[in-house]
Amino acid sequence: MTPPDGTESKLDDLLREDRRFPPPEDFRARAHVSDESVYDEAEEDMLGYWARWAEDLAWFQLWDQVLDWQPPHAKWFVGGQLNVAHNCLDRHLHGPRRNKAALIWEGEPGDVRTYTYWDLHREVSQFANALKGLGVEKGDRVAIYLPMIPEAAIAMLACARIGAIHSVVFGGFSPGSLADRINDADARVLITADGGYRRGNVIPLKRNADEALQQTPSIEHVVVVARGWDISRTTQTTMQPKRDLWYHDLIRDASADCPAEPMDSEDILFILYTSGTTGQPKGVVHSTGGYLTQTYATTRWVFDLKEDDVYWCTADVGWITGHSYIVYGPLANGATVMMYEGAPDFPDRGRFWELCAKYGVTVFYTAPTAIRAFMKWGEEWPEKHDLSQLRLLGTVGEPINPEAWVWYHRFIGGERCPIVDTWWQTETGGIMITPLPWVTETVPGSATRPFPGIQATLLDEAGRETNAGYLAITRPWPSMLRTIWGDDERFRQTYWSKWDEPGTYFPGDGAKQDENGNLWILGRVDDVLNVAGHRIGTMEVESALVDHPAVAEAAVVGKTHDVKGQAIAAFVTLRDGKEPSDELVVALKAHVAEVIGAIARPEAILFSADLPKTRSGKIMRRLLRDIADGKALGDTTTLADPEVVARLKQRYEEEGEP
Ligand code: PRX
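Per the working numbering, the sequence shown starts with residue 2, numbered consecutively.
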């Protein structure tokens, strides 16, 4: 198969990468497990291996069967009962962890809050009771639209405690995107805040929520966290009597005694929406026992977490990384989790490093797009701070270019910290392909090999094994998505129907394998973009553009970007009588940001009287990508009107980015 356009040459560069980084000896000596036999053990008895991990958790009732696999539907730990909040909190209360910091949080303005496991358990229980008081029952959906404040984790855990299904919506999404997600899940309660700080500004979440709430009939109550009274003044928070309630009022009178609801291993823990190849985001459904088992296991081995670590994952709780590796995986391990509200460059570009020094962060997990930004800002920023406590670094979200990897290793890791490049997805729930820092010799740019127990391979279009093709997961894994909320058919079609062999999962990524067996993930092969580590469907952006009264047709493609990885380029055909103008470019960009959220704002818009299409009417994205990247044109013979492309390309070159 042909890898995604533009990745072939990138891949050649990657495969020329011959720097090798064996695990440091002292690191290996201290690690939980320090030899490769774990891979063989997992292979010999995959079910026994996962069952051993599950046995580390606290179950109210043990399972009768480890796996019931009726492709594409899997049930893990069938018949078992447990509660995720109980595993993340209650079971740490009986020993010294009781008084250990579970969460160390710093707000962007510099305010600090620390919760011990005791504190966190208490507040989660109180809020869980408060939710019950609002009528929330097991199986009900609760939408969470919060900034990166402790209450985000508390709200998730409170839902888990009473068996309510949470749906966290990233705070950067627009009111319309929030409303769509609330309506799709039919949520009863929304938890939001008056605002949150970002780069010195206040994001008015409650005001956005109020706009969304005009179209969300299922919402009965809105719980509002007061992030700060000054914020409420600046965002002019208004509360609708009876419907809207302040979080602190609810907590004040709530009892801290809230027994954790026994949940079936397969009960749904959460829904998380993610972009796909249609205009409509998919509600990825994760369940309880398998999800917790894999996030627990991967957190333990990939991050080698120890009792005295201070672990910081810079993701937002609105994404899967925040769910699995800020909240559930680390807390199930009894770790100390750092959480920061704001931007990495506020008040200056050294903020992350200042935080690492201040809290003695030992394990740091971030995205390649952030690393590329740090590189651009220069090593003088990390050099101002004491990063000597760091012992392990991680990346996730997109392919990392070897230069960024090496920079990260040198200037953040002081050439002593192993780097784990972890490949996984919203759908996989937990890490799937990754080095194990205590055994794997790493190569910059490669996620190396599957986590023990996971089986991944590369297949061509016909389902034959190859060393360059589509990434495929060929065996079920505990934290796999169970379905798409309300659309099991889409679940089958999207992930399980690419090849004839039943039970072969198609993640949508292209990859290669080198002669040492290392996997190199190249990126998406479908119409999903990865902009600064955020997944955005081209169709979503196209629908947002076509929603504007001046637009007749739009085609959106990814354009290579040195910091964001990909940026959005849109080719737009206007309606009759509408004229291209700079003002319209500005208006269209703003319109997309308003409809979806700022993360989807196109970087470049190019007007075109026509779009290049095949004879059957399909837009030829490959050509548009080439134009957006300023590359030589590919084969245009299948085009209805080859002239269109030639003209477009010429215009793009002349005008550059509008
Ligand atoms: O293309 C892959 C890329 O991110 C996609 C998943 O996006 P999302 O569901 O938003 O989850 C991101 C955080 C887990 C994948 O299909 N991706 C993720 N990690 C890597 C990666 N690409 C290359 N290397 C990675 N380490």
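Quick reminder that beta carbons are idealized off the backbone N, C-alpha and C, glycines included.
The straight-line gap separating the alpha-carbon atoms of Q127 and C259 is approximately 7 Å. Not one heavy atom of the ligand PRX lies closer than 7 Å to the C-beta of I166. Contact annotation: G395 and Y366 have beta-carbon atoms nearer than 8 Å. In the structure shown, T638 falls within a coil segment according to DSSP collapsed to helix, strand and coil. By the Cβ test, the stretch 35-43 is not in contact with the stretch 465-472, since fewer than three Cβ pairs between them sit closer than 8 Å.
In this model, V407 and P445 are separated by some 7 Å (Cα to Cα). Taking C-alpha positions only, A129 is separated from W54 by approximately 28 Å. Here the distance from the Cβ of P400 to the nearest heavy atom of the ligand PRX is below 7 Å.
Residue ranges of uninterrupted alpha helix (DSSP H) with 4 or more members, entirely inside the stretch 293-374 and ordered along the chain, are 330-333, 352-360.
A direct Cα-to-Cα measurement between L246 and V223 gives close to 6 Å. Under the three-state reduction of DSSP output, N468 falls in the coil class, being neither helix nor strand. Excluding five sequence positions before and after S266, the CB atoms of its chain that fall closer than 8 Å to its own CB belong to W64, K76, W77, F78, V79, G80, G81, Q82, L83, S288, T289, G290, G291, given in chain order. Here I166 really is in contact with I272; their C-beta atoms are around 6 Å apart, less than 8 Å.
Between L293 and L68, the CB-CB gap reaches or exceeds 8 Å. A Cβ-Cβ distance of about 4 Å is found for the pair E212 and P176, placing them in contact under the 8 Å criterion. In this chain, A159 is not harboured by any beta strand (DSSP E); it is covered by the alpha helix (DSSP H) spanning 151-163. Taking C-alpha positions only, T574 is separated from T275 by approximately 28 Å. Note on geometry: alpha-carbon atoms of I183 and L191 lie some 8 Å from one another. With a cut-off of 8 Å on Cβ pairs, the stretch 298-317 is not in contact with the stretch 277-284, counting fewer than three such pairs. Residue environment analysis places R373 among the buried positions, since at least 16 neighbouring C-beta atoms fall within 10 angstroms of its C-beta. Here the stretch 19-35 makes contact with the stretch 433-441; the two share three or more CB pairs at distances below 8 Å. With a threshold of 7 Å, the Cβ atom of G277 does not count as near the ligand PRX, since no heavy atom of the ligand is closer than that. Within 10 angstroms of the beta-carbon of D528 lie 16 or more other beta-carbons, which makes it buried. In the DSSP assignment, N202 forms a beta bridge with R199.
Straight-line spacing of the CA atoms in S582 and R648 works out to 18 Å.
Listed in chain order, the non-local C-beta contacts of D187 below 8 Å within the same chain comprise R142, S219, local neighbours out to five positions each way being set aside. Of the candidates S38, P263, T337, V225, P263 places its Cα closest to the Cα of H87. The shortest CA-to-CA distance from G511 to any of V586, W521, T505, E502 is the one to W521. Shown here, I183 sits in a helix according to DSSP, grouped into three states. Sorting P479, K385, L589, Q390 by C-alpha distance to the C-alpha of E428 places P479 at the top. The three-state secondary structure of L546, taken from DSSP, is helix. Residue pairing by DSSP places H287 opposite F271 in a beta bridge. Approximately 4 Å separates the beta-carbon atoms of V596 and A545; this is inside 8 Å, confirming the contact. Sorting K359, D346, E656 by C-alpha distance to the C-alpha of W378 places D346 at the top. Residue pairing by DSSP puts V190 in a beta bridge opposite V143, H222. Around the C-beta of P205, 16 or more other C-beta atoms lie within 10 Å, and the residue is accordingly described as buried.
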